[in-house]
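Protein chains in written order, with this note's numbering: chain A, 1 to 195; chain B, 1001 to 1195.
The block underneath contains the structure these notes are about, expressed in structure tokens.
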DNA sequence: CCATATATGTACTTATCGGTTCATAATGAA
DNA sequence: TTCATTATGAACCGATAAGTACATATATGG
């Protein structure tokens, strides 16, 4: 047995960054080799194919880059309002400053219904996003920030859809002020007495 | 002078359909030739390059396939509520039944800030969409359906972003009921006394 | 320290990419 | 009817796509 010379996780991470910014078909294996810093031999030995690596990259994105992971009410749950504001703020920053949109959303659009493996990864990721938001909603309904008569699942899905809407709109128009306005409108729906 | 054997507009239309469903990099010139029913010679003579044809297709989409064109309050302005419901209904139908999402939105995500010609077409298209929705909002504020104290531009952008959010969410989760719920939530923001 | 199993890079393969060349066909103007 | 002009499709082009073959390097278990 000879041990691998490169760090597999680091390689997947680098591949993910490339796929994230240039989608699947926009990236060649040569691009991947350059980004990962390895040769063709071990690329195919380690990952099998471009497509398999893409699926690994998508999963890696899901567990490491979903915004909800970072803004998940740390250091502790202060308020639903703060959690959601932070989430929308980070999203707008990523959209405008880093020129990045959710990799799962891009994958969902790029592969329509044509790839069931991708569909499954995306489905799970969006579900996780919704679930985390649901927890924030329920917390907010506990503190009274969010009206108790609203269906928390409906609100969670509404917010999730809005997160994606902001990204597409932002990519089309590139205007931070308008994005903040849109986000504020969304939040005013959820927390009518705070806005 | 010899006249062209094929219908240029029809060819652009067919190319648009292919680009729409499989994006830019997902389509080869061979695919385009098949869809358009012409040979390579006249393809390059008539359109110059794949990219130029894509720009033509994007513009063709903008003037012929934007949902707002079809649901633009025909046969006459009855109510903002009906106009918006129809718009969201058609969008959900297109997303779920036809498995299609706005070509401009896809283009915005596919080409980040990398292609200024695409960016310009997308920008104009989204602006047109917003402007049409703005008219509906203003009409609704006239009839009293929509509160007059809301900024109509803000509402218009909010709705536009929601239209895109619904499409991405729909592509990820493929659930009509949830989409209708999200749309209803959006409309309840705009017309609080109607929902 | 040796043998074997795996890692790696180079060279190669087959197919397709977007695009060009060019001979030929068809047209309208003279 | 001729002639210049343009449309057309088949053959062709270099570049690149994803993936494979294989010789060589290297580490670890015995």
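Here a beta-carbon is modelled for each residue, glycine too, at the ideal position from N, C-alpha and C.
Cβ shell of residue i (< 6 Å), same chain only, five flanking positions each side left out
| i | result |
| --- | --- |
| residue 1007 of chain B | none |
| residue 1111 of chain B | 1118 |
| residue 183 of chain A | 88 |
| residue 1174 of chain B | none |
| residue 1141 of chain B | 1148 |
| residue 1098 of chain B | none |
| residue 85 of chain A | none |
| residue 75 of chain A | Reliability fails at residue 75 of chain A, whose pLDDT of 49 lies under 50, so the model's placement of it is uncertain and no value is given. |
| residue 1104 of chain B | 1122 and 1125 |
| residue 1068 of chain B | 1129 and 1132 |
For residue i, three-class secondary structure by DSSP
| i | result |
| --- | --- |
| residue 75 of chain A | Because residue 75 of chain A carries a pLDDT of 49, less than 50, the predicted location of this residue cannot be relied on, and no value is offered for it. |
| residue 123 of chain A | helix |
| residue 1 of chain A | coil |
| residue 1146 of chain B | coil |
| residue 982 of chain B | The first residue shown for chain B is 1001 and the last is 1195, placing residue 982 of chain B beyond what the model contains. |
| residue 1152 of chain B | helix |
| residue 1135 of chain B | helix |
| residue 8 of chain A | helix |
| residue 193 of chain A | coil |
| residue 1187 of chain B | helix |
7 Å CB neighbourhood of residue i in its chain, flanking five on each side removed
| i | result |
| --- | --- |
| residue 15 of chain A | 32, 35, 36, 53 and 57 |
| residue 1009 of chain B | none |
| residue 13 of chain A | 60 |
| residue 1101 of chain B | 1095, 1167 and 1171 |
| residue 1038 of chain B | 1006 and 1011 |
| residue 1134 of chain B | 1152, 1153 and 1156 |
| residue 1160 of chain B | 1126, 1129, 1130 and 1133 |
| residue 106 of chain A | 23 |
| residue 27 of chain A | 18 and 19 |
Own chain, CB closer than 8 Å to residue i, minus 5 neighbours either side, in chain order
| i | result |
| --- | --- |
| residue 1025 of chain B | 1110 |
| residue 1017 of chain B | 1035 |
| residue 1081 of chain B | 1140, 1145, 1187, 1191 and 1194 |
| residue 1113 of chain B | 1119 |
| residue 1042 of chain B | 1004, 1005 and 1006 |
| residue 1092 of chain B | 1166, 1170, 1176, 1179, 1180 and 1183 |
| residue 1138 of chain B | 1152 |
Residue i: CB within 8 Å of a non-hydrogen atom of the ligand PLP
| i | result |
| --- | --- |
| residue 1038 of chain B | Because no ligand of any kind appears in the structure shown, any question about the ligand PLP cannot be addressed here. |
In chain order, what residues of the stretch 1154-1172 of chain B put their CB closer than 9 Å to some CB of chain A? 1154, 1155, 1157, 1158, 1160, 1161, 1162, 1163, 1164, 1165, 1166, 1167, 1168, 1169, 1170, 1171 and 1172
Give, in chain order, every residue of the stretch 18-40 of chain A whose Cβ lies closer than 8 Å to some Cβ of chain B. 21, 23, 25 and 26
Secondary structure, alpha helix (DSSP H): runs of 4+ residues fully inside the stretch 11-81 of chain A: 29-36, 40-47, 50-64 and 67-70
Note down, in chain order, all residues in the stretch 1079-1110 of chain B with a beta-carbon under 8 Å from any beta-carbon belonging to chain A. 1099, 1101, 1104, 1105, 1106, 1108, 1109 and 1110
Uninterrupted alpha helix (DSSP H) stretches inside the stretch 1079-1119 of chain B (no shorter than 4 residues): 1080-1096 and 1103-1110
Can you pull out the residues from the stretch 1122-1134 of chain B whose beta carbon lies closer than 7 Å to at least one beta carbon of chain A? 1122, 1123 and 1126
Pairing CB atoms from the stretch 1141-1151 of chain B with CB atoms from the stretch 1185-1195 of chain B, are three or more of them under 8 Å? yes
When you compare the stretch 161-168 of chain A with the stretch 1155-1169 of chain B, are there three or more beta-carbon pairs, one atom per stretch, that lie closer than 8 Å? yes
Using Cβ-Cβ distances below 7 Å, what residues of the stretch 139-150 of chain A are close to chain B? none
Interfacial residues, the stretch 1050-1067 of chain B to chain A, with Cβ spacing under 8 Å: none
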